[in-house]
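The opening residue of the sequence shown carries number 60 in the working numbering; numbering runs sequentially from there. Below is one structure, written out as structure tokens, with a few remarks after it.
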Amino acid sequence: MSTPKVRADLSAIPTYRPGRAAPGGPGRAYKCSSNENPFSPLPGVLAAVATAAEHLNRYPDMATSRLVAALAERLDVPADHVVTGPGSVGVLQALVEAVAGPGDEVLFAWRSFEAYPIVTRVAGASPVAVPLTPDHRHDVVAMAAAVTDRTRLVLVCSPNNPTGTVVGAAELDRLLQQVPDDVLVVVDEAYVEMVRDPRAADGLAAHRDRTNVAVLRTFSKAYGLAGLRVGYAVAPEPVATAARRTSLPFGVSSVAEAAAVASLEHEPALLERVEALVAERTRVQAALAEQGWAVPPSEANFVWLDVADRAEAFAQACADAGLVVRAFPGEGVRVTVAEPEANDLLLEVTASLPPR
Numbered sequence: 060m061s062t063p064k065v066r067a068d069l070s071a072i073p074t075y076r077p078g079r080a081a082p083g084g085p086g087r088a089y090k091c092s093s094n095e096n097p098f099s100p101l102p103g104v105l106a107a108v109a110t111a112a113e114h115l116n117r118y119p120d121m122a123t124s125r126l127v128a129a130l131a132e133r134l135d136v137p138a139d140h141v142v143t144g145p146g147s148v149g150v151l152q153a154l155v156e157a158v159a160g161p162g163d164e165v166l167f168a169w170r171s172f173e174a175y176p177i178v179t180r181v182a183g184a185s186p187v188a189v190p191l192t193p194d195h196r197h198d199v200v201a202m203a204a205a206v207t208d209r210t211r212l213v214l215v216c217s218p219n220n221p222t223g224t225v226v227g228a229a230e231l232d233r234l235l236q237q238v239p240d241d242v243l244v245v246v247d248e249a250y251v252e253m254v255r256d257p258r259a260a261d262g263l264a265a266h267r268d269r270t271n272v273a274v275l276r277t278f279s280k281a282y283g284l285a286g287l288r289v290g291y292a293v294a295p296e297p298v299a300t301a302a303r304r305t306s307l308p309f310g311v312s313s314v315a316e317a318a319a320v321a322s323l324e325h326e327p328a329l330l331e332r333v334e335a336l337v338a339e340r341t342r343v344q345a346a347l348a349e350q351g352w353a354v355p356p357s358e359a360n361f362v363w364l365d366v367a368d369r370a371e372a373f374a375q376a377c378a379d380a381g382l383v384v385r386a387f388p389g390e391g392v393r394v395t396v397a398e399p400e401a402n403d404l405l406l407e408v409t410a411s412l413p414p415r
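Here is the structure:
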């Protein structure tokens, strides 16, 4: 019996691998595999969620008007430059589909966020991956050299997931000077609230200065709304308009919008929690360095351990200690900076293993 035909090119799309959940059962296991915020939502955010949940029988506002207005005011950008969607991945997919299709290329550093080749292939475009430098940073010179007349979009992940390194302002400017004005450059700043390096690129500043730069952000990380799926982009108006056309209708639920708006209203309290995570990140990196580990300077809420072919064995050692981490076989391990107790477990594991 025959079955419906599906697109043959889908077999080339890599499968997204989410961070493995912590197992249940006796004892505490810490999930440090998905870069989640370990803090529960603030009471004010939970109250907004509860109020919005009373109207679940109604469709949400497809334009997410309250959130767009709040973001436009908070970021000092025109409202028609703001695009929202189900997480920054959903917004990214809308952006890619708005500018790229069969025969086009989407350029990005690698290793970087694993959704990049997926959304590129879904759009029918070809991914072009440019290797990171030996110190796990974007090679902007090589990226600029890889731009062709087929390139429609360049992705810059800063801080880079999974290595945590940032692209400097001078590096981004150098890249932008060499990318044609009709090629969209998306600066993915999912972890921007955690950046403390004064030399880091400012995607919003670049957006204001140029006509081909968009910025991608999320409420999943610093704001702790990963389970509600809400992200946004600030893009040139023609690109933003096109992305709304390619977006999933009603992609942001009324509950997610209410939580995001409330999070902006409670931002000072939320950013205090971010400071606590940054302090833990500093502590963990210093301890790893003291143990002899050469860890890339992370400006996100995770650290990258370059254990190469030991990645799976290292992840198993962490699991045995009650810590679930994200292994990239043959490359390294990414570990979310989480509760101090979880971070202490990581340091116990690394102290028992020889650095590479």
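Beta carbons: idealized from backbone N, C-alpha and C, even for Gly.
Item	Value
Pick from 332, 287, 123 that is closest to residue 252, judged by C-alpha positions	332
Contact the segment 317 to 331 vs the segment 97 to 108: 3+ CB pairs below 8 Å	yes
N-terminal and C-terminal residue of the beta strand (DSSP E) that residue 377 is part of	Element bounds for residue 377: not the beta strand (DSSP E) but the alpha helix (DSSP H), 370 to 379.
Three-pair Cβ contact test at 8 Å for the segment 362 to 374 versus the segment 64 to 75	no
Residues near residue 336 in its chain [Cβ-Cβ closer than 7 Å; skip 5 each side]	253, 360, 396
Sub-9 Å separation of residue 386 and residue 373 beta-carbons	yes
Three-way DSSP call (helix, strand, coil) for residue 173 in this model	coil
Residue 85 to residue 149 span [Cα, whole Å]	Residue confidence is low: residue 85 scores 44 on pLDDT, short of 50, so the model does not pin down where it sits. No coordinate-derived value is stated.
Where residue 209 sits in the DSSP three-state scheme	coil
Check whether residue 201 and residue 245 have beta carbons under 9 Å apart	no
Contact between the segment 338 to 347 and the segment 298 to 310 (3+ Cβ pairs under 8 Å)	no
Residue 85 (DSSP reduced to helix, strand or coil)	Unreliable positioning characterises residue 85 in this predicted model, as indicated by a pLDDT of 44, which lies under 50. The coordinate reading is nonetheless provided below. Correct three-state label for residue 85: coil.
Inter-stretch contact (C-beta, 8 Å, three-pair minimum) for the segment 158 to 177 and the segment 128 to 135	no
Collapsed DSSP secondary structure at residue 185 in the structure displayed	strand
Cβ contact (3+ pairs, closer than 8 Å) linking the segment 228 to 239 and the segment 104 to 120	no
Beta-ladder partner(s) of residue 363, from DSSP	393
Length of the line joining the Cα atoms of residue 343 and residue 402	7 Å
Rounded separation between residue 399 and residue 379 - CA only	18 Å
Minimum length 3: unbroken beta strand (DSSP E) runs contained in the segment 121 to 152	141 to 144
Inter-residue spacing [alpha-carbon to alpha-carbon] between residue 224 and residue 255	11 Å
9 Å Cβ cutoff met for residue 230 and residue 199	yes
When 388, 368, 347, 356 are compared against residue 410, the one with the closest alpha-carbon	347
Check: residue 144 C-beta below 8 Å from any heavy atom of the ligand NAP	Among the components of this structure there are no ligands whatsoever, and the ligand NAP is therefore not found.
First and last residue of the uninterrupted beta strand (DSSP E) at residue 247	243 to 247
Nearest residue (CA-CA) to residue 261, options 66, 134, 220, 284	134
Which listed residue (268, 270, 295) has its alpha carbon closest to that of residue 138	295
Three-state secondary structure (DSSP) of residue 411	helix
Endpoints, beta strand (DSSP E) assigned at residue 292	290 to 293
Beta-carbon spacing of residue 210, residue 189 below 9 Å	no
Distance, residue 155 Cα to residue 142 Cα	13 Å
Host beta strand (DSSP E) of residue 277 (start-end)	272 to 277
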